[in-house]
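Residue numbers (our numbering): 70 to 188.
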């Protein structure tokens, strides 16, 4: 990964952390805990704001980071091989944190419509 790409990925991750520090915004723990609920709601068809193509890209990113097969193998170019995994992981985490915040807003709006209170 080029230095400029690493810097951009780091800046995006930092922005997500800073964004979560706003008053009234869900914290990182709350967002992370919402991800399984978001996926279940999406798979049941209740939450349509997470598109199927985006969900597939997230799944592919998880598979890429978890897979022992990389585009740039660590064996040949150790720094670049690790950097591409880190870049994908940062992109994935940043994307999921944004998606989970949108899901939490949707969930709260949906509970208000149905007359429930979300803690």
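Even for Gly, the Cβ is constructed at its ideal location relative to N, Cα and C.
Expected contact under 8 Å - CB spacing of residue i and residue j to nearest Å
i, j, result
"residue 130", "residue 109", "Incorrect: roughly 19 Å between the Cβ atoms, too far for contact."
"residue 173", "residue 103", "5 Å"
"residue 161", "residue 134", "7 Å"
Burial state of residue i (16 or more Cβ within 10 Å)
i, result
"residue 137", "exposed"
"residue 113", "exposed"
"residue 99", "exposed"
"residue 165", "buried"
"residue 178", "exposed"
"residue 123", "exposed"
"residue 169", "buried"
Chain-order list of residues whose beta-carbon lies under 8 Å from that of residue i (same chain, five-residue window excluded)
i, result
"residue 70", "At residue 70, the pLDDT of 45 sits below 50, so the modelled position is not reliable; the number obtained from the coordinates is stated separately. Only 78, 149, 152, 153, 155, 156 meet the Cβ criterion."
"residue 107", "116, 119, 168, 169, 172"
Contacting residues, own chain, Cβ-Cβ under 6 Å from residue i (five flanking each side not counted)
i, result
"residue 105", "none"
Other residues of its chain near residue i: CB distance less than 7 Å, five sequence neighbours each side excluded
i, result
"residue 171", "118"
**Item:** Complete alpha helix (DSSP H) runs within the segment 96-134 (minimum length 4 residues, chain order)
**Value:** 97-113
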